[in-house]
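Trainee:
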Amino acid sequence: MPYDPVLADRLRDLLDDEPGLTTRAMFGGLGFMIGGHMAVAASSGGGLMVRCDPEQAVALCVPGSHAAPMVMRGRAMPGWLLVDAAGLVSDEDLGSWVEVGVAFVATLPPKS
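For the sequence shown, counting from 1, position 22 maps to 22 in UniProt numbering; every step adds exactly one.
1. Give the C-beta separation of R10 and L81 to the nearest angstrom, bearing in mind that I take them to be a contact with Cβ-Cβ under 8 angstroms.
2. Does the distance from the C-beta atom of G101 to that of F27 stay below 9 angstroms?
3. What residues in its chain sit with their C-beta under 7 angstroms from that of M77, if we drop five residues either side in the sequence?
4. To which residues of the same chain is L15 closer than 6 angstroms at the C-beta, ignoring the five residues directly before and after it?
5. Under the DSSP definition of a beta bridge, which residues are partnered with T22?
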């Protein structure tokens with residue numbers, strides 16, 4: 001299943017002013033890169049992939065957040081969360097998750 005184009009448009013609206021923003025299609029989803037690092041992605045399975053500090057990932061997956069640690073092909077992906085579409089209904093909820101991803105990649109050196 002391809003990514004949700006409405007979610008991708010909402011992400012573009014939130015991230016449009018970020019310096020160094022690029023997008024990249026990958027694995028059926030659409031990644032939003034800042035400084036060469038993916039901050040968030042509209043997932044091919046629906047929902048949002050969010051980059052985060054691996055040490056904070058479990059704490060971000062509180063009940064009601066609709067977030068879970070990311071698992072891809074049976075392998076845990078430290079530093080990544082998958083937020084179900086139900087946790088992205090409001091612009092405030094989506095914006096909060098985008099802030100997590102943007103804040104984390106801001107701590108990383110830019111890729112050349």
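Where a beta carbon is used, it is the ideal one built from N, C-alpha and C, also for glycine.
Mentor: According to the structure data:
1. Incorrect: roughly 18 angstroms between the Cβ atoms, too far for contact.
2. no
3. M70 and V71
4. Hits under 6 angstroms: L21 and F32.
5. M33, per the DSSP bridge assignment.
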